[in-house]
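Take a look at the structure below.
Numbering (our numbering), first residue to last: 125 to 696.
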């Protein structure tokens, strides 16, 4: 077995790996350009701004249904851009995201120390780099997407679960993680789910992995139960306050999700689920990873390709086939040579079983719940390490494993096609929005929105006294939410100051029809331009009261027809 490095040397190596991760992520972020994604423009800037400024409940749906997302995950990005110019802020965010590389290296070294790979530290870095350079991870470096940050928590929880607490014995009775490590693992992954509920599938995957994390099977259920309880506590730690706030405002602590259970009057009493990315047929259900490797928009809104999940899936099938053949041979009285993985020490076998259980169950749960590739980032990041473990389980010699590992790494690198999530050039301003004076004799204005365009970011630069009321969003048209419509109508009816429409591009017919249902009429002929680095053609148009007359030209477009066919339902 390879001996761990001395304490001093180990700390120096750990620091070097952390710095390498931060530097690598930072350089990639600068090279790719400034974040200008749909999600950034819609809610990644507005939500933390509104939370810090106390605007929740004052504005109405500036960021559409995503207005109700937990703002804590967006705080690092928002704070960095409040403190620094965009390039420096992106470097700071990317350096934080770069902790992923350190966690992956720590996981790899722990698992490879007792395996069939010489120089486990080197191979751990290779596996970590292969995961970090995946299409999902690389495309989000330095951006406001929270998947990279949530993945750090998920992987850290897995690292704690696999942590030994005693010297490794030579028998199968290897020690598992202690109670405090199990609790820590659960709390960390639960906290990730509190920040971003889509990470909840990996919380459940960690509970399943706990069943396999030790050779003492009699304690398996107790270990899993401990992780589950700790995960619930972690979820309450990061998501509890926000859930209470949502319940007080809407009557649903998870609003707008699970509204079929809570029936908040602020949204339709039905489940809100984004099923655009789910497999369409049996063949896709069985071979979805191979579709991800071919270059399409099946699991995302934009074109991308990544063979990492397909590589792991292929090795899983190969290892399962060999294991079945070995078992059949034993039943026939002709046992095959022991697999490489079976010759490792007891703790290594338990740790690898736990890792495989986490990856396989996480993949299955992700596929059933979302099949959105961004939410599978922990699987992508772990792909290199899982592939090494499965290669070690194949009946190959040392040279054969090296050749196959090199071929698979080259395939992963060559087959990766980054998705274009929206980037722009660097400058001294993140948004470039500058609002003109909207007052009228000192009266605070109301700014209305009559489309589903992502313009929440603009209001971080709006006058503090201005109130935002979105009359058309991806949550629903107000007429499908009685309480929401009633409150908006009351706010507009009581307002004595000026009303402005934030208009985006050529959608005047939709804006006239939506505003007409609230007794308002936009003046598109006297609009003021609103400068913005992230959008062209933003303008502010004055709005006046009107009487709706059926059949007039301004009401020719129906709201139902104007709704986008695939309006984003769960951008995060």
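Ideal Cβ placement from N, Cα and C applies to all residues, glycine included.
**Request:** Return the chain-ordered list of same chain residues with a C-beta closer than 6 Å to the C-beta of residue 199, the five sequence neighbours on each side being excluded.
**Result:** Locating residue 199 in the chain shown gives position 75, counting from the first residue. Cβ contact annotation for residue 199 (same chain, cutoff 6 Å, sequence separation greater than five): 172, in chain order.
**Message:** Within the continuous beta strand (DSSP E) that includes residue 624, where are the two ends?
**Reply:** Position 500 of the chain shown, counted from the first residue, corresponds to residue 624. Segment 623-627, the beta strand (DSSP E) holding residue 624.
**Span of the beta strand (DSSP E), counted from its first residue to its last, around residue 664** = Numbered from its first residue, the chain shown carries residue 664 at position 540. Per DSSP, the unbroken beta strand (DSSP E) holding residue 664 starts and ends at 663-669.
**Item:** Distance between residue 435 and residue 701 (C-alpha atoms, nearest Å)
**Value:** Because the chain in this structure spans residues 125 to 696, residue 701 falls outside the shown range and cannot be described.
**Extent of the continuous alpha helix (DSSP H) run through residue 347** = In the chain shown, residue 347 corresponds to position 223, counting from 1. Looking at the DSSP string, the run of the alpha helix (DSSP H) that includes residue 347 is 344-374.
**Prompt:** Can you name the residues that DSSP bridges to residue 592?
**Reply:** The count along the chain shown starts at 1 and reaches residue 592 at position 468. Answer is 571, bridged to residue 592.
**Message:** I'd like to check one pair, residue 226 with residue 578: are the Cβ atoms closer than 8 Å?
**Reply:** Sequence index remark: in the chain shown, residue 578 carries index 454 (1-based). Sequence index remark: in the chain shown, residue 226 carries index 102 (1-based). Going by C-beta atoms, residue 578 is not nearer than 8 Å to residue 226.
**Item:** Top-ranked residue by Cα proximity to residue 320, from 219, 359 and 493
**Value:** Walking along the chain shown from the start, residue 320 turns up at place 196. The shortest Cα separation from residue 320 among 219, 359 and 493 belongs to 359.
**Request:** Let me know if residue 136 comes out buried or exposed under the rule of 16 or more other beta-carbons within 10 Å of its beta-carbon.
**Result:** Indexing the chain shown from 1 puts residue 136 at position 12. That one is exposed.
**Request:** With DSSP as the reference, label residue 296 as helix, strand or coil.
**Result:** Working through the chain shown from its first residue, we reach residue 296 at position 172. Low per-residue confidence applies at residue 296: pLDDT is 40, beneath 50, and the placement is therefore not dependable enough to give any value.
**Message:** At the level of alpha carbons, what is the spacing between residue 569 and residue 647?
**Reply:** The residue you call residue 569 lines up with position 445 of the chain shown. The residue you call residue 647 lines up with position 523 of the chain shown. Going by the C-alpha atoms only, they are around 16 Å apart.
**Spatial neighbours of residue 133 in its chain, beta-carbon cut-off 7 Å, leaving aside the 5 residues before and after** = As a working mapping, residue 133 is identified with position 9 in the chain shown. Cβ neighbours of residue 133 within its own chain (closer than 7 Å, five residues either side excluded): none.
**Request:** Kindly list the residues whose CB is nearer than 6 Å to the CB of residue 335, restricted to its own chain and excluding five residues on each side of it in sequence; keep chain order.
**Result:** If you number the chain shown from 1, residue 335 lands on position 211. Leaving aside the five residues that flank residue 335 on each side, the residues in its chain whose CB is nearer than 6 Å to its CB run, in chain order, 344 and 348.
**Prompt:** In chain order, what residues of the same chain have a beta carbon less than 6 Å from the beta carbon of residue 485, not counting five sequence neighbours either side?
**Reply:** Residue numbering aside, residue 485 sits at position 361 when the chain shown is read from its first letter. Once the five neighbours on either side are set aside, the close Cβ partners of residue 485 are 329 and 332.
**Request:** At 4 residues or longer, and completely inside the stretch 138-192: list those alpha helix (DSSP H) runs for me, N to C.
**Result:** Listed in chain order, the complete alpha helix (DSSP H) runs (minimum 4 residues) inside the stretch 138-192 are 170-177.
**Asked** My guess is that residue 605 and residue 389 are in contact by the Cβ rule of under 8 Å, so how many angstroms apart are they, rounded?
**Response** Taking the first residue of the chain shown as 1, we reach residue 605 at position 481. Taking the first residue of the chain shown as 1, we reach residue 389 at position 265. About 7 Å separates the two Cβ atoms, so the contact holds.
**Asked** Tell me which same chain residues have a C-beta within less than 6 Å of the C-beta of residue 324, skipping the five on either side of it?
**Response** Along the chain shown, read from residue 1 onward, the residue named residue 324 stands at position 200. Excluding positions up to five away in sequence, the list reads 317.
**Message:** Nearest by alpha-carbon distance to residue 556: which of 446, 437, 165 and 497 is it?
**Reply:** Here residue 556 is taken as the residue at index 432 of the chain shown, counted from 1. Considering only alpha carbons, the answer is 165.
**Prompt:** Going by the CB atoms, is the gap between residue 258 and residue 247 shorter than 8 Å?
**Reply:** Numbered from 1 along the chain shown, position 123 holds the residue referred to as residue 247. Numbered from 1 along the chain shown, position 134 holds the residue referred to as residue 258. Contact flag unset, no.
**Prompt:** For residue 403, which residues of its own chain have a beta-carbon under 6 Å away from its beta-carbon, when the five flanking residues on both sides are left out?
**Reply:** Taking the chain shown and counting its residues from 1, one reaches residue 403 at position 279. 409 and 412.
**Item:** beta-carbon residue 427 near the ligand ADP non-hydrogen atom, thresh 7 Å
**Value:** This structure lacks the ligand ADP, and indeed carries no ligand of any kind.
**Message:** Taking the alpha-carbon of residue 367 as reference, which of 516, 337 and 381 has the nearest alpha-carbon?
**Reply:** Taking the chain shown and counting its residues from 1, one reaches residue 367 at position 243. With respect to the C-alpha of residue 367, the residue from 516, 337 and 381 having the closest C-alpha is 381.
**Request:** Please confirm if the stretch 605-619 is in contact with the stretch 201-219, defined as three or more CB-CB distances below 8 Å between the two stretches.
**Result:** Contact fails: fewer than three Cβ-Cβ distances are below 8 Å.
**Item:** Contact the stretch 542-561 vs the stretch 433-451: 3+ CB pairs below 8 Å
**Value:** Verdict: no, contact absent.
**Asked** Does DSSP classify residue 467 as helix, strand or coil?
**Response** Looking up residue 467 in the chain shown gives position 343. Any reading at residue 467 needs caution, since the residue's pLDDT is 45, under 50, leaving its predicted position unreliable; the model's value is listed next. Residue state for residue 467 is assigned as helix, using DSSP reduced to three classes.
**Supposed close pair residue 219, residue 152 - CB separation, criterion 8 Å** = As a working mapping, residue 219 is identified with position 95 in the chain shown. As a working mapping, residue 152 is identified with position 28 in the chain shown. Rounded, the Cβ-Cβ distance is 11 Å, inconsistent with contact.
**Assigned secondary structure, residue 547 (DSSP; H/G/I helix, E/B strand, else coil)** = For this step, residue 547 is matched to residue 423 along the chain shown. Here residue 547 sits in strand by DSSP.
**Prompt:** Which residue comes first and which comes last in the beta strand (DSSP E) that contains residue 514?
**Reply:** For this step, residue 514 is matched to residue 390 along the chain shown. No beta strand (DSSP E) contains residue 514, which is instead part of the alpha helix (DSSP H) from 501-516.
**Message:** Measuring alpha carbon to alpha carbon, tell me which residue in 512, 519 and 544 is nearest residue 531.
**Reply:** Here the question's residue 531 lines up with position 407 in the chain shown. Among 512, 519 and 544, the Cα nearest to that of residue 531 is on 512.
**Request:** Work out the CA separation of residue 492 and residue 515 for me, nearest whole Å.
**Result:** What you label residue 515 is simply residue 391 of the chain shown in a count that begins at 1. What you label residue 492 is simply residue 368 of the chain shown in a count that begins at 1. Here the alpha carbon of residue 515 sits roughly 27 Å from the alpha carbon of residue 492.
**Request:** Output the distance between the C-alpha atoms of residue 340 and residue 286, rounded to the nearest integer angstrom.
**Result:** The count along the chain shown starts at 1 and reaches residue 340 at position 216. The count along the chain shown starts at 1 and reaches residue 286 at position 162. Cα-Cα distance, rounded: 14 Å.
**Asked** Going by DSSP, what residues sit across from residue 429 in a beta bridge?
**Response** Counting from 1 along the chain shown, the entry for residue 429 is found at position 305. Answer is 541, bridged to residue 429.
**Where residue 200 sits in the DSSP three-state scheme** = Reading the chain shown from its first residue, position 76 is the one you call residue 200. Correct three-state label for residue 200: helix.
**Prompt:** Going by Cα to Cα distance, which pick from 175, 242, 534 and 264 is closest to residue 547?
**Reply:** Walking along the chain shown from the start, residue 547 turns up at place 423. Comparing C-alpha distances from residue 547 to each of 175, 242, 534 and 264 shows the shortest one belongs to 264.
**Item:** Same chain, Cβ closer than 8 Å to residue 401, five either side skipped, listed in chain order
**Value:** Here residue 401 is taken as the residue at index 277 of the chain shown, counted from 1. By the criterion of a C-beta distance shorter than 8 Å, residue 401 is surrounded in its chain by 422, 423, 424, 494, 495, 496 and 497, once the five residues flanking it on both sides are discounted.
**Prompt:** How long is the line joining the alpha carbons of residue 480 and residue 143, rounded to whole angstroms?
**Reply:** Walking along the chain shown from the start, residue 480 turns up at place 356. Walking along the chain shown from the start, residue 143 turns up at place 19. Rounded to the nearest angstrom, the gap between the Cα atoms of residue 480 and residue 143 is 29 Å.
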